[in-house]
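Have a look at the structure below before the remarks.
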Amino acid sequence: MSWFKRKEQGITTPTSEKKDSPDGLWYKTPSGKIIHMKELKENAFVCPDDEYHVRIGSKEYFEILFDDNKYKELDENLTAGDPLSFQDSKPYPERIKASQRKTGLKDAARTAVGKMNGVDLVVCCMDFSFIGGSMGSVVGEKIARGIDYSLKHKIPFMMISKSGGARMMEAGFSLMQMAKTSAKLALLSEAGIPYISLLTDPTTGGVSASFAMLGDFNIAEPGALIGFAGPRVIRETIGKDLPKGFQSAEFLLEHGFLDFIVNRRELKSKLTSLLKMLQ
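Structural data, given as structure tokens:
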């Protein structure tokens, strides 16, 4: 039975002729599940095997929410200044330019207006890829101007938060955005215009301590990390071990900090139903 015998041992293809799989074709979730990127994109960047919600940015959220991915971006050319002449391992302006080249973004937030299932909506979305989604003066100003647009045109406002907190390179200028955005949201409330806050993984620091938690409806994605300080800092401050699952979206929902948790694949339909009920 010679046809059962291997005539040549080992792989004989020369190294120069071997074909490599292109980078970025597959995604591996924390639980070890592997999914093709095309399938992942078609599934709203949610792994069907374990429901893991992959971190995505404004480009992907706008594509998910706006009809036919059609929208008008607001204040797209706003960029950060250097009010403190800050420098760590490199000057702040150089860090900004490097992040802009790497991400193709101007800063850590983008604002757009469009239609979601025929309903007008202004969406401001943070991008974690830009200096950890840190909140600087540009982020605060874009949110404020987005709210102004909502006030002028009587359109609901939605904030998608994804941030490591305040941007240390702007110090007090960054912290001032907490008060500025909160004051703008108060005007939105007085005008009776709905504000929906979506908290995604991660939402921490000054962002969670201000506009992220001030929604008429505070909602989150499954498994999102949401909190102010890190678990280690809290544990050392109070001197106690923290509960299991502390700072997860599910823990916050159980303790009344969230209205509901929504799967990203159902986000557009549930938001549409919510806004139509409020009309």
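For the sequence shown, this note's numbering puts the final residue at 285, and the numbers step up evenly by one.
Beta carbons: idealized from backbone N, C-alpha and C, even for Gly.
Predicted model only: the values in this text are computed from it and were never measured.
Excluding the 5 residues flanking it on each side, residue 163 has same chain C-beta neighbours closer than 7 Å at 128, 152, 153, 156, 194, 199 and 201, in chain order. Taking 8 Å as the upper bound for CB-CB distance, residue 165 and residue 217 are in contact here, some 6 Å apart.
Here the alpha carbon of residue 226 sits roughly 27 Å from the alpha carbon of residue 105.
Between the alpha carbons of residue 190 and residue 94 lies a gap of roughly 33 Å. Taking C-beta atoms as the reference points, residue 269 and residue 125 fail to come closer than 8 Å. In this structure, residue 71 places its C-beta atom within 8 Å of the C-beta atom of residue 274. Between residue 211 and residue 171, the C-beta spacing is below 8 Å.
Counting along the chain, the unbroken alpha helix (DSSP H) around residue 276 starts and ends at 273-284.
Here residue 37 has 56 as same chain residues with Cβ atoms under 6 Å from its own Cβ, once five neighbours each way along the sequence are excluded.
DSSP lists no bridge partner for residue 222. Bounds of any alpha helix (DSSP H) do not take in residue 115; it lies within the beta strand (DSSP E) bounded by 115-122. Shown here for residue 147: same chain residues with a beta carbon closer than 7 Å to its own, the five before and five after excluded, namely 84 in chain order. With respect to the C-alpha of residue 65, the residue from 284, 58 and 78 having the closest C-alpha is 78.
In the three-state reduction of the DSSP assignment, residue 93 falls in the strand class. With respect to the C-alpha of residue 229, the residue from 243, 239 and 208 having the closest C-alpha is 208.
Rounded to whole angstroms, the gap between the alpha carbons of residue 68 and residue 120 is 9 Å. Take residue 257, set aside five residues on each side of it, and the residues of its chain with a beta-carbon closer than 8 Å to its own are 249 and 251, in chain order. When only Cα atoms are considered, residue 239 and residue 100 end up about 31 Å apart. Residue pairing by DSSP places residue 172 opposite 141 in a beta bridge.
No residue range can be given for residue 249, since it is assigned to no alpha helix (DSSP H) and is classified by DSSP as neither H nor E. Taking residue 233 as reference, the option from 253, 219 and 242 with the minimal CA-CA separation is 253. With a beta-carbon spacing of about 22 Å, residue 109 and residue 150 fall beyond the 8 Å limit used to define contacts.
In the DSSP assignment, the residues bridged to residue 167 are 205.
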